[in-house]
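Q: Take 754 as the starting number for the sequence shown in this note's numbering and just add one per residue. No residue lacks a Cβ here, since even glycine has one placed at the ideal position from N, Cα and C.
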Amino acid sequence: MAQIHISNLALELDFDYIVRRFFSILPGALSWTTLIGLTVLSFVVPYWIAIFIIVYDVYILIRAIYISVHLVYAYYRQHRMRHIDWIDRCQKITSNLDDYLKQTQQDLNHHSDRVTKQLFNELLLTKHSNVAILPWDQIHHVIILPTYNESLDVLRHSLTSLAATHFPSARLHVVVGFEARAGQAAQQRAAVLTAQFRHQFGSFITTFHPDNLPGEKRVKSANATWAIQAMEEVLQTKNIPVDYVLVSNFDSDTVVGHSYFAYLTYKFITHPDRYRVSYQPLPMYHNNVWDAPSFSRVIATGSTFWQMIESTRPERLVTFSSHSMTLRALREVGYWQTDIISEDSRIFWQCLLHYNGHYRTEPLYTSVSMDAALADSWWQTLINQYKQKRRWAWGIENFPYLMTGFFRNLNIPLHTKLTYTFRTLEGHYSWATTPIIIAGLGWLPIFFGGPQFHSTVLSYSLPYVTRTIMTIAMFGLLVSTTLSLLLLPSRPAHVSRWKYLPMTLQWALFPLIATILSAFPALDAETRLMLGRDLSFNVMQKTRKY
754 MAQIHISNLA LELDFDYIVR RFFSILPGAL SWTTLIGLTV LSFVVPYWIA IFIIVYDVYI
814 LIRAIYISVH LVYAYYRQHR MRHIDWIDRC QKITSNLDDY LKQTQQDLNH HSDRVTKQLF
874 NELLLTKHSN VAILPWDQIH HVIILPTYNE SLDVLRHSLT SLAATHFPSA RLHVVVGFEA
934 RAGQAAQQRA AVLTAQFRHQ FGSFITTFHP DNLPGEKRVK SANATWAIQA MEEVLQTKNI
994 PVDYVLVSNF DSDTVVGHSY FAYLTYKFIT HPDRYRVSYQ PLPMYHNNVW DAPSFSRVIA
1054 TGSTFWQMIE STRPERLVTF SSHSMTLRAL REVGYWQTDI ISEDSRIFWQ CLLHYNGHYR
1114 TEPLYTSVSM DAALADSWWQ TLINQYKQKR RWAWGIENFP YLMTGFFRNL NIPLHTKLTY
1174 TFRTLEGHYS WATTPIIIAG LGWLPIFFGG PQFHSTVLSY SLPYVTRTIM TIAMFGLLVS
1234 TTLSLLLLPS RPAHVSRWKY LPMTLQWALF PLIATILSAF PALDAETRLM LGRDLSFNVM
1294 QKTRKY
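#1: Per DSSP, what kind of secondary structure is phenylalanine 1073 in: helix, strand or coil?
#2: Tell me whether threonine 986 is buried or exposed, calling it buried when 16 or more other Cβ atoms sit within 10 Å of its Cβ.
#3: Taking contact to mean at least 3 C-beta pairs separated by less than 8 Å, is the region 1058-1077 in contact with the region 819-830?
#4: Taking all protein chains shown into account, do 16 or more other C-beta atoms lie within 10 angstroms of the C-beta of tryptophan 1334, making it buried, or fewer, making it exposed?
#5: Proline 1025 and threonine 879 - do their beta-carbons sit closer together than 9 Å?
#6: Could you tell me if methionine 754 is buried or exposed, where buried requires 16 or more neighbouring beta carbons within 10 angstroms of its beta carbon?
#7: So, are the CB atoms of cysteine 843 and alanine 1082 less than 9 Å apart?
#8: Does the separation of the CB atoms of aspartate 1044 and leucine 1127 fall below 9 Å?
#9: For isoleucine 1190 and leucine 1070, I'd like the C-alpha separation in whole angstroms.
#10: Would DSSP call asparagine 728 helix, strand or coil?
#11: Where are the alpha helix (DSSP H) runs, 4 residues long or more, that stay fully inside the region 1120-1183, in chain order?
#12: Using the C-alpha atoms, what's the distance from leucine 925 back to glutamine 941?
#13: How long is the line joining the alpha carbons of alanine 939 and valine 907, rounded to whole angstroms?
#14: Buried or exposed, going by whether 16 or more other CB atoms sit within 10 Å of the CB of glycine 1180?
#15: In the DSSP assignment, find the unbroken alpha helix (DSSP H) run with serine 914 in it and report its ends.
#16: Leaving out the 5 sequence neighbours to the left and right, which residues in its chain are closer than 8 Å to alanine 943 when beta-carbon positions are compared?
#17: Taking the straight line between their C-alpha atoms, what separation do you get for threonine 978 and tryptophan 1089?
#18: Going by other Cβ atoms of all chains shown within 10 Å of its Cβ, with 16 needed for buried, is histidine 864 buried or exposed?
#19: Considering Cα atoms alone, identify which of Ala1246, Cys1104, Gly781, Ala917 is closest to valine 1030.
#20: For valine 1009, list the residues DSSP reports as bridge partners.
#21: Assuming valine 972 is part of the alpha helix (DSSP H), what are its boundary residues?
#22: Just the C-alpha distance for tyrosine 1112 and tryptophan 1102, rounded to the nearest angstrom, thanks.
#23: Do glycine 1158 and leucine 1106 have their C-beta atoms within less than 9 Å of each other?
#24: Looking at the secondary structure, which residues open and close the alpha helix (DSSP H) in which glutamine 1033 lies?
#25: Could you tell me which whole beta strand (DSSP E) segments of length 3 or greater appear in the region 845-928?
#26: Roughly how many angstroms lie between the CA atoms of tryptophan 1131 and glutamine 1138, to the nearest whole one?
#27: Taking 9 Å as the cut-off, decide whether the C-beta atoms of asparagine 1002 and isoleucine 1100 are in contact.
#28: I need the DSSP call for methionine 754, collapsed to helix, strand or coil.
#29: Taking all protein chains shown into account, decide if alanine 1275 is buried (16 or more other Cβ within 10 angstroms of its Cβ) or exposed.
#30: My assumption, with CB atoms under 8 Å, is that threonine 1177 sits in contact with phenylalanine 1152. Please give the rounded CB distance.
#31: Mind reading off the beta-carbon distance from histidine 919 to proline 1242? Whole number of angstroms is fine, and I expect it under 8 Å.
#32: If you draw a straight line from the alpha carbon of proline 1036 to that of glycine 1055, how long is it in whole angstroms?
#33: Roughly how far, in whole angstroms, is the beta-carbon of methionine 834 from the beta-carbon of tyrosine 1032, given that I think they are within contact range, below 8 Å?
#34: Rounded C-beta distance between isoleucine 897 and threonine 1018? I'm assuming under 8 Å.
#35: Per DSSP, what kind of secondary structure is serine 1098 in: helix, strand or coil?
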């Protein structure tokens, strides 16, 4: 009997390994097959590749218009939410929800506003679901700032923004998680921060995550898990119920907006399924945007735009970078896994699998600001930007994890499995291939089609058709340029007014930058996963000019 049990266990382990390896290979194999296939077929059947390129360009045009509409709507919502007093709303709905709904309905009768109407409908949904609205004045927030070698200036900026938020500081509990391997310098930074901020929050602690713990890697998630467990001990001494605690896992350079925790509290206490939701703000990279080089600004702003677009399609939204969730859900899934790099998205997939597909990410139309890539030299900034984008693309490591979980968990609906499988695979596939196809491969039939192809009408029409379609698609770049200027923070005193000119013209470089600093890092990440090569966690240098 024991022998049979061991054999079954071996088969089970072999099955998991086969599934993981297959889905580790699949993304990279698809991308490389596409790129190599298009290159080879441009020599063999240039006529059909030319037709494919035209069809593909039309698809990109339609997609550019589609995402531009979503981007503008996301900006409108973010602009609209900025002017809402969330503390006032929390107080009113907690004291008397029915009176608040009646007043809102009267306001809508006089002036219909799409955002107000949606908030009104969300409250109606909560009321009809018979889920009680939690008392806002009992909600507590834990903020985790894992750090390794960030300077005191960077950490102070983040902590000062937390202290300045429009939310009772007594219900903010901050833990700055240092790495023990950072040595005496980390101890000194912790002492300085403790002396400055220990009386500005309900709780303020610093932790030192030990190096080389069993089963761990040198990654942010290991530090964050160590930090939250230390903070839980503090919460227990204060008798704070776990069901009333939200956890925000922030990058160490994260600067929050004034209304972040008030807005987050409102969304949490009014959500009918509040313990099956993560909350995703809009990540901006504005801390040093005026000093960053053009390619760094374009990549950072492009990442912001993509998150804004995804926020308007919450059924697609996955947690990214700085985000928030309930302590209850975090506990139930076993905290952040301590051996992976992409802990920001992995925690969403952990929850999705644990709760049998019944988990989602709720967008928060408020921003958190972080640092764009900026080093001491132009070349080092370029290298750092490439590594950062590759680390973000390394989120593809979640794909084999997700697929193994889907095969194991028979309680997740098939539709949910197919939807997330397609979206994850298609998203990373497009990330790695689309800029390369548009910028380079689309012209291969012209150069290598041979005399037979060059004698066709299509040979003469392809450049004209492609140029016309791409010119129309530039509408999307016009939208991006306009919104990037509207989202910019105030110009620092040391920056000339002329800086607005390169801030505008930089978007002309988008096709080239997207290829070198977006598609190539994504292809790099997929190739590493395909070959079974690991990626070490790279802490991006954070440089600011004051």
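A: With the structure as the only source:
#1: Here residue 1073 corresponds to residue number 320 of the sequence shown, with the count starting at 1. Phenylalanine 1073: coil per DSSP, three-state reduction.
#2: On the sequence shown, position 233 is the one that residue 986 refers to. Note on identity: in this sequence residue 986 is glutamate, with threonine being the wrong assignment. Burial call: exposed.
#3: In short, these stretches touch, since the Cβ pair count reaches three.
#4: Given a span of 754 to 1299 for the chain in the structure shown, any question on residue 1334 remains unanswerable.
#5: Sequence index remark: in the sequence shown, residue 879 carries index 126 (1-based). Sequence index remark: in the sequence shown, residue 1025 carries index 272 (1-based). Yes. Within cutoff.
#6: Counted from its first residue, the sequence shown places residue 754 at position 1. In this prediction, methionine 754 has a pLDDT of 46, which is less than 50 and means its spatial position is unreliable; nothing more can be read from the coordinates.
#7: Taking the first residue of the sequence shown as position 1, residue 843 is located at position 90. Taking the first residue of the sequence shown as position 1, residue 1082 is located at position 329. When the beta-carbon positions are compared, cysteine 843 and alanine 1082 stay at least 9 Å from each other.
#8: By 1-based counting over the sequence shown, the position of residue 1044 is 291. By 1-based counting over the sequence shown, the position of residue 1127 is 374. Against a cut-off of 9 Å, the Cβ pair of leucine 1127 and aspartate 1044 comes out as a contact.
#9: Along the sequence shown, one-based indexing puts residue 1190 at 437. Along the sequence shown, one-based indexing puts residue 1070 at 317. Approximately 26 Å, taken between the alpha carbons.
#10: Within the shown structure, residues of the chain are numbered from 754 to 1299, placing residue 728 beyond reach of any answer.
#11: Annotation note: the region 1120-1183 contains the following uninterrupted alpha helix (DSSP H) runs of length 4 or greater, listed N- to C-terminal: 1131-1146, 1151-1161.
#12: Looking up residue 941 in the sequence shown gives position 188. Looking up residue 925 in the sequence shown gives position 172. A direct Cα-to-Cα measurement between glutamine 941 and leucine 925 gives close to 24 Å.
#13: In the sequence shown, counting from the first residue as 1, residue 939 sits at position 186. In the sequence shown, counting from the first residue as 1, residue 907 sits at position 154. Valine 907 has its alpha-carbon roughly 14 Å from the corresponding atom of alanine 939.
#14: Position 427 of the sequence shown, counted from the first residue, corresponds to residue 1180. Here glycine 1180 is buried, its C-beta having at least 16 other C-beta atoms within 10 Å.
#15: The sequence position of residue 914 within the sequence shown is 161, counting from 1. From DSSP, the alpha helix (DSSP H) with serine 914 extends over 905-916.
#16: Position 190 of the sequence shown holds residue 943. Within the same chain, alanine 943 has close Cβ partners Val929, Phe931, Thr959, Phe961.
#17: For this step, residue 978 is matched to residue 225 along the sequence shown. For this step, residue 1089 is matched to residue 336 along the sequence shown. Cα to Cα, threonine 978 sits roughly 6 Å from tryptophan 1089.
#18: Along the sequence shown, read from residue 1 onward, the residue named residue 864 stands at position 111. Burial is judged here by how many other beta carbons sit within 10 angstroms of a residue's own beta carbon; histidine 864 has fewer than 16 and is exposed.
#19: Taking the sequence shown and counting its residues from 1, the one referred to as residue 1030 is at position 277. Valine 1030 has its Cα closest to that of Cys1104, out of Ala1246, Cys1104, Gly781, Ala917.
#20: Start at 1 with the first residue of the sequence shown, and residue 1009 comes out as number 256. BP columns for valine 1009 point to Val1121.
#21: Within the sequence shown, numbered from 1, the residue matching residue 972 stands at position 219. Boundaries for valine 972: no alpha helix (DSSP H) harbours it, and the DSSP string shows neither H nor E there.
#22: Position 359 of the sequence shown, counted from the first residue, corresponds to residue 1112. Position 349 of the sequence shown, counted from the first residue, corresponds to residue 1102. Straight-line measurement puts the Cα of tryptophan 1102 at about 9 Å from the Cα of tyrosine 1112.
#23: Counting from 1 along the sequence shown, the entry for residue 1158 is found at position 405. Counting from 1 along the sequence shown, the entry for residue 1106 is found at position 353. Yes; because the gap between Cβ atoms is below 9 Å, this pair is in contact.
#24: Here residue 1033 is taken as the residue at index 280 of the sequence shown, counted from 1. In the DSSP annotation of this structure, glutamine 1033 is not part of any alpha helix (DSSP H); the continuous beta strand (DSSP E) holding it starts and ends at 1030-1037.
#25: For the region 845-928, whole beta strand (DSSP E) runs of length 3 or above, ordered along the chain, are 893-899.
#26: By one-based count along the sequence shown, residue 1131 stands at place 378. By one-based count along the sequence shown, residue 1138 stands at place 385. Their backbone Cα atoms lie some 11 Å apart in a straight line.
#27: Stepping through the sequence shown from its first residue, residue 1002 is reached at position 249. Stepping through the sequence shown from its first residue, residue 1100 is reached at position 347. For asparagine 1002 and isoleucine 1100, yes; Cβs fall inside 9 Å.
#28: Working through the sequence shown from its first residue, we reach residue 754 at position 1. Per-residue confidence for methionine 754 stands at a pLDDT of 46, beneath the threshold of 50, marking its modelled position as unreliable; the derived number appears in the next sentence. Coil at methionine 754, not helix or strand.
#29: Residue numbering aside, residue 1275 sits at position 522 when the sequence shown is read from its first letter. Burial call: buried.
#30: For the purposes of this step, residue 1177 is taken as the residue at position 424 of the sequence shown. For the purposes of this step, residue 1152 is taken as the residue at position 399 of the sequence shown. Between threonine 1177 and phenylalanine 1152, the beta carbon gap of about 6 Å places them in contact (Cβ cut-off 8 Å).
#31: Here residue 919 corresponds to residue number 166 of the sequence shown, with the count starting at 1. Here residue 1242 corresponds to residue number 489 of the sequence shown, with the count starting at 1. The pair is not a contact, with the Cβ atoms about 19 Å apart (cut-off 8 Å).
#32: For the purposes of this step, residue 1036 is identified with residue 283 of the sequence shown, where counting begins at 1. For the purposes of this step, residue 1055 is identified with residue 302 of the sequence shown, where counting begins at 1. Roughly 11 Å separates the two Cα atoms.
#33: Reading the sequence shown from its first residue, position 81 is the one you call residue 834. Reading the sequence shown from its first residue, position 279 is the one you call residue 1032. In fact, because the Cβ distance is near 13 Å, the residues do not count as touching under 8 Å.
#34: Start at 1 with the first residue of the sequence shown, and residue 897 comes out as number 144. Start at 1 with the first residue of the sequence shown, and residue 1018 comes out as number 265. So it is not a contact: roughly 18 Å between Cβ atoms.
#35: Against the sequence shown, residue 1098 aligns to sequence position 345. Serine 1098: helix per DSSP, three-state reduction.
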